[in-house]
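In the numbering used here, each number is its position in the sequence shown, counted from 1, plus 253.
We put the beta carbon where it would ideally sit given N, CA and C, even for glycine.
Here the structure is laid out as structure tokens; the discussion comes afterwards.
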Amino acid sequence: ERADEKAHHTITSPDAIRLNCFTLHDAKSIAKTISDNIWLRAWKQGFTKLNEIKNTIHPWPSPSDSTRKIETTINRMRIGHTWLTHQYLMKKEDLPICTSCGIPLSIKHIVSECRVYETDKREPG
């Protein structure tokens, strides 16, 4: 009985320390935020082709009807890893060279640098 009185006095005292209580949902949310922050820090310190062009851990927006295969193909093009530009590694051949420019063939070169495709890029459709 004395213990109960003492406990009651302790928790009702104005000097009692109040702890902030939170729900399981709050705990999961906090844990996810901390985990995402750790992941993002590690991502930004990495040196991969993907994190050179993507500065976030969140997925790129994509059409709702997109499949994983399509997403993978698009991401491989974004980082420049395609059969056209990397087959020489599998075939143990020399690095492919652009026949019109004489420089190493890359997706970046084809899409934004090669003069052969200049008119195709300017013309609609």
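One alpha carbon belongs to K297, the other to I306, and they sit about 11 Å apart.
The alpha-carbon separation between I356 and I350 amounts to approximately 5 Å.
Leaving aside the five residues that flank R329 on each side, the residues in its chain whose CB is nearer than 8 Å to its CB run, in chain order, T335.
Rounded to the nearest whole angstrom, the CA to CA distance from A256 to D279 is 33 Å. For Y370, there is no enclosing alpha helix (DSSP H), as DSSP marks it with neither H nor E. Between V364 and S353, the gap from beta carbon to beta carbon reaches 8 Å or more.
For the pair T309 and P316, the Cα-to-Cα distance works out to about 19 Å. Per DSSP, L277 is one residue of the alpha helix (DSSP H) stretching across L277 to Q298.
Collapsing the DSSP output to three states places I270 in coil.
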